[in-house]
């Protein structure tokens, strides 16, 4: 196909995927040559939409509203989901949907299932590959445990209970040590 | 796919990698109390101060710069990228960065090769950025990853085995990495093709946004990766890099088309933009005149790239770019409270202003170089 094809406008052109009238004329650059596609609005939407993301401030709420469309039919489900609140930071799912920002790392665990469709929509995947912290704590549970222990250590230090603090410190070191076989 | 390495040119302006990181023990910014924010800041700063190499990085404190300065700085990415200090020290190169010390060097446009900086408590606790004036994103990745390793030896990042680096926005989770290339595509805009091209990029998991200002219209675009989860850093770099030659090709074709269609009209258009810019106040904070300035600069940049300017005008543009670059550095120097540097810069700006970019000055020892590699008539 050549680039000229996509410039030609034909009122009777049929969508290449279904039989509706093609009103979208898309130029795809996946190959080395331009690929012209003629699609109806519905198929074009499906073809083009791969979520919404941007350099600095992705409009997650847009993706969310699309994502949650099917749920709106069951308003109760949505209301229930919106009311869910993270026990660590207190953010509700509704607040997240509005602002597009999570409240704490634990939200990824607490809202795990609810976030999954969004992650798939934006990234096309739900499993990290790539860099890992070298002395990284490799599972979320021990990391949450670590957050808890650090908080606790701080509290006992404030109470000047340094014996308890040193116990907690050793516990923290042990967990950190498990997380980094390389060190 | 042709694999010719891409040097910075009239179409590719700069490239950048940014890593989003959060500290495991704190909530994300949106739910932080003021005290917690301060604590995060001090934890990060302490971690950085503990590390000999990291302490040489430049902290970008956005609250110290007022909106006008930031806008002004943003504009100037045209000729250089603001606010960041060279980090030859980080990369171990011994050569001192001679950032724009010679006005005659401006035809290189970007005086630096690589710059690293970080910011605290913006959307995430910590964001590390490396800018490059070329497209060597692999080198940028090595550099930023080394910085990241050093930070990580001081702080515990929020990280999960399944979801990678945990970020305030789920769109950044995983690698937390945004790879981007800033491109100048005026001819694609003029020929009305830019939206079509940008839309088609989505299929390749690459997103393009207008840079500089909110308006979707504009000639500058930042092309970046869409996904951050389920794909490793090298592949992200590859995704973004692969797009660039194609965009360059389309922009060149569009420029050729415009020249063939009406070379004289185009040349007049560029020359008019230069005249128009001469009458504008570069420091006017009014957004309308800001938009005019950007439009003029864009046209002029394109004209230089296409060799459409007369030598005398090209010299004026060079002096203008030098001036703009010095002003940029002056703002940075003031932000860093380096007043010795600031006073030097002020004097150099005054000299350059006197030399005059607004009119064709013969007193132009500071513009001996050719304006562009692609200069001359076609």
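Chains as they are written, first to last, in this note's numbering: chain A, 1 to 183; chain B, 1 to 378.
Glycine included, each C-beta is placed from N, C-alpha and C at the ideal position.
Quick caveat, the model's predicted, so the values are computed rather than measured.
Check	Outcome
Contact set for residue 191 (chain B): own chain, Cβ-Cβ below 8 Å, skip 5 residues either direction	254, 257, 258
Residue 84 (chain A) at chain B interface by Cβ criterion, 8 Å	no
Under 7 Å by beta carbon: chain B residues contacting residue 133 (chain A)	152, 157, 159
Reference residue 24 (chain B), options A:166, A:159, A:145, closest by Cα	A:145
Exposure of residue 46 (chain B), with buried meaning 16 or more beta-carbon neighbours within 10 Å	exposed
Opposing strand residues paired with residue 208 (chain B) [DSSP bridges]	B:223
Residue-chain proximity (residue 40 (chain A), chain B), Cβ-Cβ < 8 Å	no
Span of the alpha helix (DSSP H) around residue 144 (chain B)	137 to 152
Neighbour flag for residue 191 (chain B) against chain A, beta carbons, 8 Å	no
Own chain partners of residue 251 (chain B) with C-beta closer than 7 Å, once the 5 adjacent residues on each side are dropped	11, 185, 187, 188
Rounded C-alpha distance that separates residue 119 (chain B) from residue 262 (chain B)	47 Å
Residue 15 (chain A) at chain B interface by Cβ criterion, 8 Å	no
Cutoff 8 Å: residue 305 (chain B) Cβ touching any chain A Cβ	no
Residues of its chain near residue 169 (chain A), where Cβ-Cβ distance is below 8 Å and the 5 sequence neighbours each way are ignored	153
Identified DSSP bridge partners for residue 174 (chain B)	B:164, B:165
Exposure label - residue 62 (chain B); buried when at least 16 CB within 10 Å	Only weak support exists for where residue 62 (chain B) lies, its pLDDT of 47 falling under 50; the value from the coordinates is given anyway. Classification for residue 62 (chain B): exposed.
Unbroken alpha helix (DSSP H) run spanning residue 12 (chain B), endpoints	It is not in any alpha helix (DSSP H) - residue 12 (chain B) instead sits in the beta strand (DSSP E) that spans 12 to 21.
Pairwise C-alpha distance: residue 157 (chain B) and residue 168 (chain B)	13 Å
Unbroken beta strand (DSSP E) run spanning residue 131 (chain B), endpoints	126 to 132
Within chain A, partners of residue 163 (chain B) - CB distance below 7 Å	108, 128
Cβ contact check for the segment 128 to 140 of chain B and the segment 29 to 41 of chain B: 3 or more pairs under 8 Å	no
Identity of the residue in B:326, B:341, B:203, B:22 nearest residue 349 (chain B) by Cα	B:326
Per DSSP, the bridge partner or partners of residue 120 (chain B)	B:126
Residue span of the alpha helix (DSSP H) that contains residue 112 (chain A), given as start and end	112 to 123
Residues near residue 333 (chain B) in its chain [Cβ-Cβ closer than 7 Å; skip 5 each side]	341, 342, 345
Integer-rounded CB distance, given that residue 103 (chain A) should sit under 8 Å from residue 30 (chain B)	6 Å
Separation of residue 147 (chain B) from residue 52 (chain B), as counted between CA atoms	11 Å
Proximity winner among A:156, A:172, A:133, relative to residue 159 (chain B) (alpha-carbon distances)	A:133
Outcome for residue 152 (chain B) when other beta-carbon atoms lying within 10 angstroms are tallied against a minimum of 16	buried
Rounded distance between the beta-carbons of residue 130 (chain A) and residue 175 (chain B), thought under 8 Å	5 Å
is_contact[residue 105 (chain A), chain B] using C-beta, thresh 8 Å	yes
Presumed contact (8 Å Cβ cut-off) between residue 125 (chain B) and residue 21 (chain B), rounded CB distance	7 Å
Check: residue 189 (chain B) C-beta below 7 Å from any heavy atom of the ligand COA	In the structure on display, the ligand COA does not appear, and there are no ligands present to speak of.
Closer than 8 Å to chain B by CB, residue 97 (chain A)	no
Presumed contact (8 Å Cβ cut-off) between residue 244 (chain B) and residue 274 (chain B), rounded CB distance	The Cβ separation is near 28 Å, so there is no contact.
Helix, strand or coil at residue 26 (chain B) [DSSP, three-state]	coil
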